[in-house]
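K.L.:
Take a look at the following structure, please.
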Amino acid sequence: MTVRVTVQGSTNEAPSYDVVVGRHLLGELPGLLGDGVRRVLVMHPASLQATGEAVREDLVAQGYEAFAVELPDAEEQKTAQVAAFCWQVLGQADFTRSDAIVSVGGGATTDLAGFVAATWLRGIKVVHVPTTLLAMVDAAVGGKTGINTAEGKNLVGAFHPPAGVLCDLAALETLDRWDLVAGMAEVVKTGFIADPRILELVEEHADELREWKGSDASPETWTVLTELIERSVRVKARVVGEDLTEQGLREILNYGHTLGHAIELTERYQLRHGAAVAVGMVFAAELARLGGKLDDAVVDRHRSILDSLGLPTTYRGDRWDKLLAAMQRDKKTRGTLLRFVVLDDVAKPTRLEGPDPTLLAAAYAEISKEPPAGRPGVTVQLGL
Ligand SMILES: NC(=O)c1ccc[n+]([C@@H]2O[C@H](COP(=O)([O-])OP(=O)(O)OC[C@H]3O[C@@H](n4cnc5c(N)ncnc54)[C@H](O)[C@@H]3O)[C@@H](O)[C@H]2O)c1
């Protein structure tokens, strides 16, 4: 069954678009590309050559002039040099403002392709065909695009919503177990901030999801994964439909990300994003618990769900100073106080701004792998 979720637009520059979830969806591409598109550049990493070529051939069969560009893998493609190469291809093929880009790949590819589309002739259409769980539930939906610089990740970018997103579940048949599990961290995040049914489904099916078998997964596992993707996409669509440029509501999607980003940075991006966000969510839950806002049971639920998926819930006890410094540097780039998304309860997110350093350190002690003596029972009342 094919499901269609609409992301509401707000302006002519950001019109509404559909996220289509199902199988064998290539026939949907012309509808998402819309009228007037003649040339299409398909952008895919080398590892997805066969899928990229199948999309290009399909577009040719449907009457488009379609080109393909093969990109380096993962973060290697999110550079100014690779973007410049793509601009060169677009220029040499005479792409006009009414032509389009189709991305085929994980979040790194949708970020790069979105950025190239945002900048070519000040913005041409892009349709994303995400091929990882993370890209389906997160990166491809919402219009954030970007590349990295030597100084950090995603420092250059633009808000450029796609013309449509095709989540073809068949792509996940070849996804390795760790990429599936890393994507599950964002699914669980969506459950905690907005949709308790996601948490129940993960609790019931964690074993099969953790041991993801791709094309050998059981029909029941596919059914569950499909429902998890649909539910996650619905939440993201609703949130970014209300707040494209992160002025308010969209911030809830950063649950677990404040500490998560700092961990990724101190690990020099060798740890998967989902693993860092998993630790960050337990930290945020502890922050809320120690501030007297969140019940022990909900904090325990964070640990049990993430554990059951094989995601980490603790981090090195000797890293706090570094992580705090990294979070504070990140804070400066936003020009505001250190802030966290925390929960009052499941599906009741709220914002915590400028928490006391004692509360932060106490929450970190709770997730430390080498906890200091006397750790249990710390309660700090600092009026969250
Ligand atoms: N724009 C946003 O809102 C947003 C949100 C979250 C993450 N991101 C970005 O997304 C990126 C991470 O995305 P990701 O986890 O998808 O990583 P990725 O794009 O690097 O893909 C991970 C790996 O999986 C491979 N792969 C992709 N699809 C496959 C498939 N179907 N079968 C087998 N292998 C496949 C890729 O070649 C790569 O090696 C980061 O750059 C992050 O900054 C962006």
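Residue -9 is where the sequence shown starts when you use our numbering, and the numbers rise one by one after that.
Yeah, the Cβ is synthetic: ideal placement off N, Cα and C, and Gly gets one too.
Computed from a prediction, not measured in an experiment: that's the story for all the values here.
Judging by CA-CA distance, which residue of T135, H251, R291 and R309 is the nearest neighbour of T69?
P.N.:
Nearest C-alpha to T69: T135.
K.L.:
Smallest Cα separation from V92: which of R262, D128, L328 and L19?
P.N.:
Among R262, D128, L328 and L19, the Cα nearest to that of V92 belongs to L19.
K.L.:
Counting only runs that start and end within the region 145 to 205, where is the alpha helix (DSSP H) found for 4 or more residues in a row?
P.N.:
Segments of the alpha helix (DSSP H) lying fully in the region 145 to 205: 167 to 184 and 186 to 200.
K.L.:
Measuring CA to CA, which of D233, V155 and K115 is closest to V30?
P.N.:
Residue K115 is the option with its Cα nearest to V30.
K.L.:
Rounded to the nearest angstrom, what separates Q371 and G281 at their Cα positions?
P.N.:
In this prediction, Q371 has a pLDDT of 33, which is less than 50 and means its spatial position is unreliable; nothing more can be read from the coordinates.
K.L.:
Please classify K359 as buried or exposed, where buried requires at least 16 other C-beta atoms within 10 Å of its C-beta.
P.N.:
K359 comes out exposed.
K.L.:
Tell me which residues share the same chain as G181 and place their Cβ nearer than 6 Å to its Cβ, disregarding the 5 neighbours each side in the sequence.
P.N.:
The residues are I188 and L189.
K.L.:
Is N95 near ligand 1, judged by its Cβ being under 8 Å from some heavy atom?
P.N.:
Just to set this straight, residue 95 is Gly in the shown sequence, not Asn. Because some heavy atom of ligand 1 lies under 8 Å away, the Cβ of G95 counts as near it: yes.
K.L.:
Within the same chain, show all residues whose beta-carbon is closer than 6 Å to that of N138, passing over the 5 residues directly before and after it, in chain order.
P.N.:
So the list reads K68, once near-sequence residues are dropped.
K.L.:
Rounded to the nearest angstrom, what separates P151 and D297 at their Cα positions?
P.N.:
Going from the Cα of P151 to the Cα of D297 covers about 34 Å.
K.L.:
So the candidates are P339, T303 and E257; which of them puts its Cα closest to the Cα of G142?
P.N.:
The shortest C-alpha separation from G142 is found at E257.
K.L.:
Among Q52, G53, A51 and F57, which one has its Cα closest to the Cα of G42?
P.N.:
Ranking the options by Cα distance to G42, first place goes to F57.
K.L.:
When you compare only the Cα positions, how much space is there between E236 and V331?
P.N.:
Each residue's Cα considered, the two are about 13 Å apart.
K.L.:
Could you check what DSSP says for D8 in three-state terms: helix, strand or coil?
P.N.:
Residue state, collapsed to three classes: strand.
K.L.:
With a threshold of 6 Å on Cβ separation, who are the neighbours of H97 within its own chain once the five nearest residues in sequence on each side are excluded?
P.N.:
According to the sequence displayed, residue 97 carries Gly and not His. Only L124, A125 and A129 meet the Cβ criterion.
K.L.:
Taking 9 Å as the threshold (C-beta atoms), are V11 and T(-4) in contact?
P.N.:
For T(-4) and V11, no; Cβs fall outside 9 Å.
K.L.:
Does the Cβ of L162 lie closer than 8 Å to at least one heavy atom of ligand 1?
P.N.:
Yes, the Cβ of L162 comes within 8 Å of a heavy atom of ligand 1.
K.L.:
Quick check on the burial criterion: 16 or more other C-beta atoms within 10 angstroms. Buried or exposed for K179?
P.N.:
Classification of K179: buried, given that the 10 Å Cβ count is 16 or more.
K.L.:
Suppose contacts are defined by Cβ-Cβ distances below 9 Å. Is V45 in contact with L23 by that definition?
P.N.:
In this structure, L23 does not lie closer than 9 Å to V45 by Cβ.
K.L.:
Please check if any C-beta of chain D sits within less than 9 Å of the C-beta of E65.
P.N.:
Looking for chain D here will not work: only one protein chain is present.
K.L.:
At 4 residues or longer, and completely inside the region 273 to 351: list those alpha helix (DSSP H) runs for me, N to C.
P.N.:
Counting whole runs of 4 or more residues, the region 273 to 351 contains the alpha helix (DSSP H) stretches 286 to 298 and 310 to 324.
K.L.:
Is S358 close to ligand 1? I mean its beta-carbon at under 8 Å from any heavy atom of the ligand.
P.N.:
No; taking the cut-off as 8 Å, the Cβ of S358 has no heavy atom of ligand 1 nearer than that.
K.L.:
Going by CA-CA distance only, name the one from L61, V32, E66 and L38 that's closest to V50.
P.N.:
The shortest C-alpha separation from V50 is found at V32.
K.L.:
Under 8 Å from any heavy atom of ligand 1, does the C-beta of E65 make it?
P.N.:
Within the cutoff, so yes.
K.L.:
Starting from the Cα of F105, find the closest Cα among V117, T121, A73 and A83 and give me that residue.
P.N.:
It is A73 whose Cα lies nearest to the Cα of F105.
K.L.:
Return helix, strand or coil for M271, following the three-state DSSP convention.
P.N.:
M271: helix per DSSP, three-state reduction.
K.L.:
Under DSSP, the alpha helix (DSSP H) around F75 begins and ends at which residues?
P.N.:
Residues A70 to Q82.
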